[in-house]
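Have a look at the structure below, then the notes.
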Amino acid sequence: MKVILAENSGFCFGVKKAIDTAFNEVEAKNEHKLYTLGPLIHNPQVVEELKQKGIDVIEDLEEVHSGNVIIRSHGVPEKIYREAEEKGIILTDSTCPFVSRIQKIVKEYYDKGYQIAIIGDPNHPEVIGINGWCNDDGVILQKTENIEKLKEDKPTCVVVQTTMSLVLYEEFIELIKHKISDLQIFNTICLATRKRQDAARKLSKEVDAMIVIGGYHSSNTQKLVTICKEEKPNDTFHIETVDEIDFEILKKYETIGITAGASTPHKVVNEVLEKIKNLL
Numbered sequence: 001m002k003v004i005l006a007e008n009s010g011f012c013f014g015v016k017k018a019i020d021t022a023f024n025e026v027e028a029k030n031e032h033k034l035y036t037l038g039p040l041i042h043n044p045q046v047v048e049e050l051k052q053k054g055i056d057v058i059e060d061l062e063e064v065h066s067g068n069v070i071i072r073s074h075g076v077p078e079k080i081y082r083e084a085e086e087k088g089i090i091l092t093d094s095t096c097p098f099v100s101r102i103q104k105i106v107k108e109y110y111d112k113g114y115q116i117a118i119i120g121d122p123n124h125p126e127v128i129g130i131n132g133w134c135n136d137d138g139v140i141l142q143k144t145e146n147i148e149k150l151k152e153d154k155p156t157c158v159v160v161q162t163t164m165s166l167v168l169y170e171e172f173i174e175l176i177k178h179k180i181s182d183l184q185i186f187n188t189i190c191l192a193t194r195k196r197q198d199a200a201r202k203l204s205k206e207v208d209a210m211i212v213i214g215g216y217h218s219s220n221t222q223k224l225v226t227i228c229k230e231e232k233p234n235d236t237f238h239i240e241t242v243d244e245i246d247f248e249i250l251k252k253y254e255t256i257g258i259t260a261g262a263s264t265p266h267k268v269v270n271e272v273l274e275k276i277k278n279l280l
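As structure tokens, this is what we get:
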């Protein structure tokens, strides 16, 4: 059996920045209690590790009256910064730079009077955060039929969730162009996401089966699963940890490809690689 790791997989820059920031705050041993506003990343194992080190997860600033709250890589609405200042809460900002760029674009064009269109999942924290930089007035486009909500006679700024599929993004853009003439379009899918998706697509065509490692609630991991299933609909397996691998099933394949979501630590990927190589 041959096991191949996708050329681009695992932790991205934004996630690594957030994780490093959190551990640095722990090591600094400041007097302030540490929190993250929502899970730092969509990986239960990492979140549990942070909890063991004293970093608790809160869902709202109302849950605390003091301390140091770490903003996760997905970013938050603009109002969170004002609320923290009013409450005297310290914020440590770990927003991914790619997400910060989208927030700035949205704020700039909203202040200019543009209609804001956000291609993405309305329930994803990144999209919720982005929408919070245009007073929650953005039109969220999760399905192509949502385009009907856009006003045709209003200048429109279009951005996209960083982990969106490029193919789906291009489909949305073509439809929007037919509806609205005055457009400012920003392809804000991050480069790491594009490379990871392209590598997964390429590898899935070359192997007999694909294993996708990542959190079950991770948007970018789910998209990798979808991409791999396009080539290997019955031979793509999504796992969070090495313990979930069914080795009896894997024995029937000659070549197995492995990819991992942006929130998957390298050590988890290595555990999967080593166990497959040792047992098979």
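For the sequence shown, the UniProt record's numbering gives the first residue as 1, with consecutive numbering after it. Ideal Cβ placement from N, Cα and C applies to all residues, glycine included.
Taking the C-alpha atoms as reference points, what is the distance between residue i and residue j?
i: aspartate 93; j: valine 69; result: 8 Å
i: arginine 72; j: cysteine 96; result: 8 Å
i: isoleucine 4; j: asparagine 234; result: 19 Å
i: glutamate 7; j: glycine 113; result: 43 Å
i: glutamate 254; j: alanine 209; result: 9 Å
i: lysine 277; j: phenylalanine 247; result: 11 Å
i: isoleucine 102; j: proline 125; result: 14 Å
i: asparagine 30; j: asparagine 24; result: 10 Å
i: glutamate 78; j: aspartate 136; result: 10 Å
i: aspartate 60; j: threonine 144; result: 32 Å
i: isoleucine 128; j: alanine 117; result: 13 Å
i: isoleucine 176; j: isoleucine 147; result: 7 Å
i: isoleucine 19; j: proline 39; result: 11 Å
i: lysine 195; j: glycine 10; result: 11 Å
i: tyrosine 169; j: glycine 88; result: 40 Å
i: asparagine 28; j: glutamate 171; result: In the sequence as displayed, the identity of residue 28 is alanine instead of asparagine. Distance between the alpha carbons of alanine 28 and glutamate 171: 47 Å.
i: isoleucine 185; j: valine 15; result: 26 Å
i: aspartate 243; j: lysine 275; result: 10 Å
i: leucine 273; j: methionine 1; result: 12 Å
i: cysteine 12; j: glycine 132; result: 24 Å
Taking the beta carbon of residue i as the centre, do at least 16 other beta carbons fall within 10 Å, making it buried, or is it exposed?
i: serine 66; result: exposed
i: tyrosine 81; result: exposed
i: leucine 250; result: buried
i: proline 122; result: exposed
i: residue 281; result: This structure does not reach residue 281, given that the chain is present from 1 up to 280, and the question cannot be answered.
i: leucine 191; result: exposed
i: leucine 279; result: exposed
Shortest alpha-carbon distance to residue i belongs to which of the options?
i: glycine 120; options: Thr163, Thr226, Met1; result: Thr163
i: leucine 91; options: Lys151, Tyr35, Lys17; result: Tyr35
i: glycine 215; options: His42, Glu25, Val15; result: His42
i: lysine 267; options: Arg194, Gln45, Val26, Lys33; result: Gln45
i: serine 64; options: Ile258, Glu86, Thr241, Thr193; result: Residue identity differs from the one stated: residue 64 is valine in this sequence, not serine. Among Ile258, Glu86, Thr241, Thr193, the Cα nearest to that of valine 64 is on Glu86.
i: asparagine 187; options: Glu148, Asp137, Glu78, Gln161; result: Gln161
i: histidine 238; options: Ile211, His74, Glu48, Ile256; result: Ile211
i: proline 155; options: Asp111, Glu271, Val272; result: Asp111
i: isoleucine 130; options: Ala199, Glu170, Val76; result: Val76
i: glutamate 62; options: His74, Glu271, Asp56, Ala84; result: Ala84
Touching or not, the stretch 106-119 and the stretch 50-62, by the rule of three or more beta carbon pairs under 8 Å?
no
Cβ contact (3+ pairs, closer than 8 Å) linking the stretch 218-228 and the stretch 255-263
yes
Is the number of C-beta pairs between the stretch 154-171 and the stretch 223-231 that are closer than 8 Å three or more?
yes
Count the C-beta pairs between the stretch 196-209 and the stretch 176-185 that are closer than 8 Å, then say yes if the count reaches three, no if not.
no
In chain order, each alpha helix (DSSP H) run of at least 4 residues that lies wholly inside the stretch 167-241:
191-204, 219-231
Where in the stretch 23-106 do unbroken runs of the beta strand (DSSP E), each at least 3 residues long, occur, reported from the N-terminal end onward?
34-37, 55-58, 68-71, 90-93
Beta strand (DSSP E) runs wholly inside the stretch 239-274, at least 3 long, in chain order
255-260
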